[in-house]
Structure formats: structure tokens, C-alpha cells
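Colleague:
Numbering (our numbering), first residue to last: 17 to 158.
1. Compute the beta-carbon to beta-carbon distance between residue 102 and residue 60, rounded to the nearest angstrom, for a pair I have assumed lies under 8 Å.
2. Quick one: what's residue 40 bridged to in DSSP?
3. Among the candidates 130, 62 and 32, whose CA atom is the shortest distance from the CA of residue 43?
4. Mind the definition here: the region 43 to 57 touches the region 74 to 91 only if three or more C-beta pairs lie below 8 Å; say whether that holds.
5. In the DSSP assignment, find the beta strand (DSSP E) that holds residue 73 and state where it starts and stops.
6. Using a Cβ-Cβ cut-off of 6 Å (strictly less than) and excluding sequence neighbours within five positions of residue 107, which residues of its own chain qualify?
7. Taking the beta carbon of residue 133 as the centre, do at least 16 other beta carbons fall within 10 Å, making it buried, or is it exposed?
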């Protein structure tokens, strides 16, 4: 199958531990079979090679925790025919959403020497709270 006929796939990371992307890479033989059927156009965890979008299928790992990420997910969605939220962070906010139940500023002061340099949203949120998601795949990691 030529690259022109293969659906293009992009994989993006937001606030997360990378576990879902590593799970994809750990598929080994299955991933190689899939790689023959699709054009992996953007997957920085796997390769530095990047092909510009738009993409047919976009997988997003991680939650939205910063203003930059909130802007970035809107841009990614605009270039995605289908967007798939991958894993618990992307579908429910993940472990970083624990801060939603406490004082994020106080937590930052306890953890970071200079929290004044941090820029973050009031809450850690799922991808679907920012853009239309076509499919959610739950799990930690998937």
C-alpha cells in the first residue's frame, strides 16, 4: 500500500507520564504490522521524523493543565479528522487531577522552590472538556 493511500496517524503528549505512548511502543510486532497499514506522521516518542498535518487519526495522551496546552489541543483538533483520547489522563484528568481537590497554589509551594515561574490552569481536565473527542480509550496505561 503506498503512503498516499494510507491513513495518516499522529500521536501527541500532554500532561502525563508517557505510559500510554510506551504501551503503544511495547506492542512490538503488532505495532510493526500497524505501521505497514498507516502512515505514522507524528509520534515524537517513537521518531524525530515529522510530517505536517492535517492527520486522519490523532491520538492524544495526557490531560490539559496549562494555558499553552489548552491552546495547543484546539490547534491539534483543527488538524484531526478523528481525535482519540488515549488513557485515563486524557479521558478523566489522570493523577494530576488530584490537585482539583486541593489548593494547587499551596501544593506548588510545597513541591517547587520557585512556584512563581509555573503557569497552570485552575484544574487538570480531560481532553473532551476542551475539544470534540471522537473516541475515548480508558486505562492507565492503556
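Note that CB positions come from ideal geometry on N, CA and C, so glycine has one too.
Modeller: On the basis of the coordinates in this document:
1. Here residue 102 refers to the residue found at position 86 of the chain shown. Here residue 60 refers to the residue found at position 44 of the chain shown. About 15 Å separates the two Cβ atoms, so there is no contact after all.
2. Here the question's residue 40 lines up with position 24 in the chain shown. BP columns for residue 40 are empty, so no partner.
3. Walking along the chain shown from the start, residue 43 turns up at place 27. That would be 62, whose Cα lies nearest to the Cα of residue 43.
4. no
5. Here the question's residue 73 lines up with position 57 in the chain shown. 71 to 77 is the extent of the beta strand (DSSP E) around residue 73.
6. Here residue 107 corresponds to residue number 91 of the chain shown, with the count starting at 1. 101, 142, 152 and 154.
7. Locating residue 133 in the chain shown gives position 117, counting from the first residue. When all chains shown are included, residue 133 counts as exposed.
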